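Enquirer: Numbering (my numbering), first residue to last: 193 to 371.
Take this structure, written in structure tokens, and hold onto it; I'll ask about it next.
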């Protein structure tokens with residue numbers, strides 16, 4: 193048996209495969225839960241000339257999209273964790289593992305699209321866009337930007353976990369279906 197093989201001699205998942213599935217899914221759930229919490233609590237204000245301006249995540253559609261995507265990804269990964277448990281209890285079926293692969297792929301794409309959208313707006317908030325006269329705001333509402341940055345970093349961590357799960361599932365299918 194080669195080192196990279198994730199199947200045992202009988203065709204059932206190896207302990208390394210099971211541990212990787214569980215650990216990566218739990219990490220994805222934890223990072224999305226914390227990301228939702230941090231983003232939902234991100235706000236700051238500044239007073240200029242007697243007028244108070246607020247920065248809140250829900251003022252930006254990209255940050256709302258990230259928050260909702262994190263919540264959806266969290267729930268879908270929780271369901272897939274239950275699915276992995278069920279798959280490990282019954283006889284291995286390549287079709288079931290393929291469905292799990294597709295699930296992980298779709299969830300990963302949702303996560304990276306939300307991360308990309310929020311990153312673009314975060315970049316504008318940090319550096320501005322002089323050609324369109326969009327001013328940077330992070331020098332004025334730093335606490336808000338730091339919280340959004342932490343939330344975005346945790347979302348990227350969830351994406352990396354989902355990416356690794358996709359690779360592992362793809363490898364499992366490749367090793368299970370021999371020509």
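We put the CB at the ideal spot given by N, CA and C, even for glycine.
Since we're looking at a predicted model, the values are computed, not measured.
Between the C-alpha atoms of residue 300 and residue 317, what's the straight-line distance to the nearest angstrom?
Expert: What you label residue 300 is simply residue 108 of the chain shown in a count that begins at 1. What you label residue 317 is simply residue 125 of the chain shown in a count that begins at 1. One C-alpha to the other measures close to 25 Å.
Enquirer: From what residue to what residue does the alpha helix (DSSP H) around residue 254 run?
Expert: Start at 1 with the first residue of the chain shown, and residue 254 comes out as number 62. It spans 253-281 - the alpha helix (DSSP H) in which residue 254 sits, taken as one unbroken run.
Enquirer: Would you check if the distance between the CB atom of residue 258 and the CB atom of residue 306 is smaller than 7 Å?
Expert: Looking up residue 258 in the chain shown gives position 66. Looking up residue 306 in the chain shown gives position 114. In contact: residue 258 and residue 306 (Cβ atoms closer than 7 Å).
Enquirer: DSSP state of residue 247, grouped into three classes?
Expert: The residue you call residue 247 lines up with position 55 of the chain shown. Strand, per DSSP.
Enquirer: With DSSP run on the structure shown, which of helix, strand or coil describes residue 361?
Expert: Position 169 of the chain shown, counted from the first residue, corresponds to residue 361. Looking at residue 361 - three-state DSSP - the assignment turns out to be helix.
Enquirer: Using 7 Å as the threshold, is the C-beta distance between residue 361 and residue 293 below it?
Expert: Reading the chain shown from its first residue, position 169 is the one you call residue 361. Reading the chain shown from its first residue, position 101 is the one you call residue 293. For residue 361 and residue 293, yes; Cβs fall inside 7 Å.
Enquirer: Indicate whether residue 247 and residue 336 have their beta-carbon atoms separated by less than 7 Å.
Expert: Position 55 of the chain shown, counted from the start, is the residue given in the question as residue 247. Position 144 of the chain shown, counted from the start, is the residue given in the question as residue 336. Yes, the Cβ-Cβ distance between residue 247 and residue 336 is below 7 Å.
Enquirer: Taking the alpha carbon of residue 298 as the point to measure from, which residue in 351, 206, 229 has its own alpha carbon closest?
Expert: By 1-based counting over the chain shown, the position of residue 298 is 106. The shortest C-alpha separation from residue 298 is found at 351.
Enquirer: Answer with buried or exposed for residue 324, where buried requires no fewer than 16 other C-beta atoms within 10 angstroms of its C-beta.
Expert: Reading the chain shown from its first residue, position 132 is the one you call residue 324. When all chains shown are included, residue 324 counts as exposed.
Enquirer: Measuring straight from C-alpha to C-alpha, what distance separates residue 282 and residue 273?
Expert: By 1-based counting over the chain shown, the position of residue 282 is 90. By 1-based counting over the chain shown, the position of residue 273 is 81. Each residue's alpha carbon lies about 15 Å from the other.
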